[in-house]
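Here the sequence shown is numbered in our numbering, starting from 10 and rising by one per residue.
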Amino acid sequence: MSESLEPRASETRAPAPPAPEPRFFNRELSWLEFNQRVLDEANNEALPLLERLKFLAITASNLDEFVMVRVGGLKLLSERGSTQPDQAGYSPSQQLELIGQRLRKMVAAQYATFLEDIEPGLAEAGVQRLTIDALNDRQTRAVAQTFENDVYSILSPIAVSQAEDFPLLPNQTVNLCVRLKGEADDDSPRMAVIPLGEIVSRFVTVPSDGGYAYVLIEDVIHSHAERLFEQETILECVPFRLTRNADVTLREDLAGDLMADMQDVLQARRRGDCIRLEIPEQTSEETTNFLIETLEILPGDAQRVPGPIDLSAWFGLTRLTGFDHLKERDWAPQQPPSIDPTVPMFEAIAAGDVLLFHPYDSFEPVVRFIEEAADDPDVVAIKQTLYRTSRKSPIVDALRRAAGKGKYVTAVVELKARFDEQRNIDWARRLETEGVHVVYGVKGLKTHAKTCLVVRREPHGMQRYVHFGTGNYNELTSRIYSDVSYLTMREDFASDAVSFFNAITGYSQPMQYRRIAAAPMSLRDRALELIDTEAKNAADGRTSRIDVKINSLVDKELIEALYRASQLGVEIRLNVRGICCLRPGVPGLSDRITVTSIVDRFLEHARIFHFHHGGARKVFISSADWMPRNLDRRVELLVPVEDEQAKRKLLHFMDVFFQDDVKARVLQPDGSYVSRAAERSADAPGIRSQEIFWHETVEAVRQAERSRRTMYQPHQRTES
Numbered sequence: 010m011s012e013s014l015e016p017r018a019s020e021t022r023a024p025a026p027p028a029p030e031p032r033f034f035n036r037e038l039s040w041l042e043f044n045q046r047v048l049d050e051a052n053n054e055a056l057p058l059l060e061r062l063k064f065l066a067i068t069a070s071n072l073d074e075f076v077m078v079r080v081g082g083l084k085l086l087s088e089r090g091s092t093q094p095d096q097a098g099y100s101p102s103q104q105l106e107l108i109g110q111r112l113r114k115m116v117a118a119q120y121a122t123f124l125e126d127i128e129p130g131l132a133e134a135g136v137q138r139l140t141i142d143a144l145n146d147r148q149t150r151a152v153a154q155t156f157e158n159d160v161y162s163i164l165s166p167i168a169v170s171q172a173e174d175f176p177l178l179p180n181q182t183v184n185l186c187v188r189l190k191g192e193a194d195d196d197s198p199r200m201a202v203i204p205l206g207e208i209v210s211r212f213v214t215v216p217s218d219g220g221y222a223y224v225l226i227e228d229v230i231h232s233h234a235e236r237l238f239e240q241e242t243i244l245e246c247v248p249f250r251l252t253r254n255a256d257v258t259l260r261e262d263l264a265g266d267l268m269a270d271m272q273d274v275l276q277a278r279r280r281g282d283c284i285r286l287e288i289p290e291q292t293s294e295e296t297t298n299f300l301i302e303t304l305e306i307l308p309g310d311a312q313r314v315p316g317p318i319d320l321s322a323w324f325g326l327t328r329l330t331g332f333d334h335l336k337e338r339d340w341a342p343q344q345p346p347s348i349d350p351t352v353p354m355f356e357a358i359a360a361g362d363v364l365l366f367h368p369y370d371s372f373e374p375v376v377r378f379i380e381e382a383a384d385d386p387d388v389v390a391i392k393q394t395l396y397r398t399s400r401k402s403p404i405v406d407a408l409r410r411a412a413g414k415g416k417y418v419t420a421v422v423e424l425k426a427r428f429d430e431q432r433n434i435d436w437a438r439r440l441e442t443e444g445v446h447v448v449y450g451v452k453g454l455k456t457h458a459k460t461c462l463v464v465r466r467e468p469h470g471m472q473r474y475v476h477f478g479t480g481n482y483n484e485l486t487s488r489i490y491s492d493v494s495y496l497t498m499r500e501d502f503a504s505d506a507v508s509f510f511n512a513i514t515g516y517s518q519p520m521q522y523r524r525i526a527a528a529p530m531s532l533r534d535r536a537l538e539l540i541d542t543e544a545k546n547a548a549d550g551r552t553s554r555i556d557v558k559i560n561s562l563v564d565k566e567l568i569e570a571l572y573r574a575s576q577l578g579v580e581i582r583l584n585v586r587g588i589c590c591l592r593p594g595v596p597g598l599s600d601r602i603t604v605t606s607i608v609d610r611f612l613e614h615a616r617i618f619h620f621h622h623g624g625a626r627k628v629f630i631s632s633a634d635w636m637p638r639n640l641d642r643r644v645e646l647l648v649p650v651e652d653e654q655a656k657r658k659l660l661h662f663m664d665v666f667f668q669d670d671v672k673a674r675v676l677q678p679d680g681s682y683v684s685r686a687a688e689r690s691a692d693a694p695g696i697r698s699q700e701i702f703w704h705e706t707v708e709a710v711r712q713a714e715r716s717r718r719t720m721y722q723p724h725q726r727t728e729s
């Protein structure tokens, strides 16, 4: 008789209590949920089709960088045998497993959105991707002509018989792998690679009786592959795309010439190990195994997709002209009514502090501030930080021009701005040739602060003007990033700006600032002090509140401080666009903390902070998110806004953000996000914060115009 499997009474154990939820969410999984919120916009049927396509392309581009940097870094840690857990308790290998599961689900959702929804909708609206088989005679002739005239002479097929033969392909470019029939005495196939590089356009326009029709370049080459392999039998020709590990860092303690060593880092990144291979799902096992073995990747790193690879390329299609009905109405930046374009910026700032909210307020006054400084004969010095700029930056041109006119110009150019290193190296060289004093950031730190100091000779003596910002000095991204600019000539701020530049351009230790706080020296302590003050006020029964708008919340020490403040009674509202490792709404831990995220047509990028402070209402802007890298390994600024009108404007922004019930999603204790729109009754008008800001800005401009028209302005007699 078999022994019973039931436990004896003495062996019966009570079920183990469930493991407590960790106090923190995993950073990487939280970021993936942010990308899901962007993907949700691609699935939003209320948006025009090309807007939805834009959001889809952004999610693909976001994933590219995530794999290059975050997954690449975790792979390095895992390969080195690291088992150090993150603050959520996961080791690098566990994180990679969880990330892999979430990535596969997300990529499947991306292609379902593209193939089953957006692409059929675009085809119906007149924007159609055609296959080679679907071309008519006129289109076939046009494609053949394009191949012969524009493509054939560029391509160079490369035979590959072993790993050493495999070409060093540019990161994240589409290439073709060709499988050829073996020699007569050898049945094993031969392989070749056709690098496409970045010169050949991905989309080939074909004649169409209406709308816009195109074919993909890989389909064009595939259909004409026999021209590249004369008298050969082509068994298979498939596109593929590889992603290299970009988590390559510079050991500044070992670096001699920083610029030369940064060039070495860029070269290393181009040669980085392949960590992801994208191939069509119909790719044969023979070709798949060849690529896996040659690129020396794990089978799990080969990502089979059911449609065209590299959906980020479709961002280019969103710029099509003639299809305005498939796009949202443009919200063009407005000239701020508080700034008369006919009045010099120095006079405008002298009249009172200027606060601009981009992209609703145009970035043009900031550019004009620097350009006027370059050309004004009374300006003697300009000092500025440069982290990311446009390719044809008018600001950089202004600095070069100023130096050419004999002004003392200092530019702190951050060579370690990831993926903008080469552009910044080029800018630095050009600035140096024009006589600009260029400083390549601070050793061991990234200079991420956004500030410009102008010194001007005026009748009463030297006057200093300062610009502080939450975003980069980039006039192009200022049209799509939501950021704050603050211009002032207040003495304390100007003095702090001088001390700041002296500290990062020389060997001096940062002195005690009068108003601002700077990372890595004092910003963290200042933030903790402000949080703790609210906690103390709450414990004493006084009104307390914290409102925070940032891009990412990761730092464990600051999260713990927010937890303590919540437990003592502080009402805390957080607007966190992307990563949030804080777990809100947990009884006894974070009851009074709510977290919302807004993903809309503009990228929310401004960092704004409000602390009730016993009714004094402290308001700040900052270049820094609450992440260890920003607080401990970067040069950042936290700037108080003291002008009452500017302060009220920022507080209004914050209130509207937290009222948003159209684009806002609320973080739940389990890590999921719930759209606030679901809580709104069907007949209630929604509050869409970005739309409100746009209409308010337009109305302010309209009111200013109406006011100017009702004023009598007599012509003044001029001397002939």
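Glycine residues also receive a C-beta, built at the ideal position from the N, C-alpha and C atoms. Source: prediction; values computed, not measured.
Query: Measuring from the CB of R61, is there a heavy atom of the ligand ADP at a distance below 7 Å?; Result: As far as ligands go, the structure on display features none, and thus does not contain the ligand ADP.
Query: May I ask you to report which of helix, strand or coil DSSP gives A311?; Result: strand
Query: Is the beta carbon of I489 closer than 8 Å to that of P593?; Result: no
Query: Taking the C-alpha atoms as reference points, what is the distance between L304 and C283?; Result: 7 Å
Query: Looking at C-beta atoms only, is the number of pairs between the segment 81-101 and the segment 152-169 that lie closer than 8 Å three or more?; Result: no
Query: Report the CB separation of V585 from L562 in whole angstroms; it is logged as a contact under 8 Å.; Result: 5 Å
Query: Can you tell me which of A411, P31, L286 puts its alpha carbon nearest to the alpha carbon of D387?; Result: A411
Query: Taking Cβ positions, are P129 and K336 nearer each other than 8 Å?; Result: no
Query: Would you grab the beta carbon distance between L647 and S631 for me? Rounded to a whole angstrom, and I think it's under 8 Å.; Result: 5 Å
Query: Between the alpha carbons of E591 and G478, how many angstroms are there, rounded?; Result: Strictly speaking, residue 591 in this sequence is Leu, with Glu absent from that position. Cα to Cα, L591 sits roughly 26 Å from G478.
Query: Assuming F620 contacts E569 (C-beta within less than 8 Å), just tell me the rounded distance between them.; Result: F620 to E569, Cβ: 17 Å. No contact.
Query: Does the pairing of the segment 322-338 with the segment 363-379 give three or more beta-carbon distances under 8 Å?; Result: no
Query: Using the DSSP secondary-structure output, state which residues sit across from L365 in a beta bridge.; Result: S494
Query: First and last residue of the alpha helix (DSSP H) that includes M200?; Result: It is not in any alpha helix (DSSP H) - M200 instead sits in the beta strand (DSSP E) that spans 199-204.
Query: Given that a residue counts as buried once 16 or more other Cβ atoms are within 10 Å of its Cβ, and exposed if not, what is Q654?; Result: exposed
Query: If I measure Cβ to Cβ from Q302 and keep anything under 8 Å in the same chain, skipping five residues before and after, which residues do I get?; Result: Position check: residue 302 holds Glu in this sequence, whereas Gln was assumed. Same-chain partners within the cutoff: A172.
Query: For H661, name the three-state secondary structure that DSSP assigns.; Result: helix
Query: Quick check on the DSSP output: the beta strand (DSSP E) that includes K627 runs from which residue to which?; Result: 627-631
Query: Label G450 either buried or exposed according to how many other C-beta atoms from any shown protein chain fall within 10 Å of its C-beta, with 16 as the threshold for buried.; Result: buried
Query: Report all residues from its chain with a CB closer than 6 Å to the CB of N71; omit the five preceding and five following residues, and keep chain order.; Result: N44
Query: Please name the residue, chosen from E241, T182, R523, G515, that lies closest to D505 on a Cα-to-Cα basis.; Result: R523
Query: Mind checking which residues open and close the beta strand (DSSP E) that includes A168?; Result: 167-169
Query: By the DSSP assignment, the alpha helix (DSSP H) with R535 in it spans what residues?; Result: 532-548
Query: What separation, rounded to the nearest whole angstrom, lies between the Cα atoms of R730 and R211?; Result: Any answer about residue 730 is impossible in this case: the structure gives the chain only from 10 up to 729.
Query: May I have the straight-line CA-CA distance separating V707 from R715, to the nearest angstrom?; Result: 12 Å
Query: Hey, could you find the ends of the beta strand (DSSP E) D556 is sitting in?; Result: 554-559
Query: DSSP state of Y474, grouped into three classes?; Result: strand
Query: Confirm, please, whether the CB-CB distance from F64 to E50 is below 8 Å.; Result: yes
Query: Tell me the rounded alpha-carbon separation between K627 and Q521.; Result: 20 Å
Query: Pop quiz: D370 and Q393 are said to be a contact at Cβ under 8 Å. What is the actual Cβ separation, rounded to whole angstroms?; Result: In fact, because the Cβ distance is near 20 Å, the residues do not count as touching under 8 Å.
Query: Cutting at 6 Å between CB atoms, please list the residues of its own chain near E261, excluding the five before and the five after it.; Result: Confidence in E261 is poor, its pLDDT being 43 and thus under 50, which makes the residue's placement unreliable; the coordinate value appears in the next sentence. Hits under 6 Å: K452, G453.
Query: Could you compute how far the alpha carbon of I555 sits from the alpha carbon of T605?; Result: 14 Å
Query: To the nearest angstrom, report how far apart T351 and E381 are at their CA atoms.; Result: 12 Å
Query: Can you give the Cα-Cα distance for P216 and A151, rounded to whole angstroms?; Result: 7 Å
Query: To the nearest angstrom, how far is the alpha carbon of V80 from that of L105?; Result: 7 Å
Query: Could you please give the first and the last residue of the uninterrupted beta strand (DSSP E) stretch that includes L424?; Result: Note, L424: premise wrong, no beta strand (DSSP E); not H, not E.
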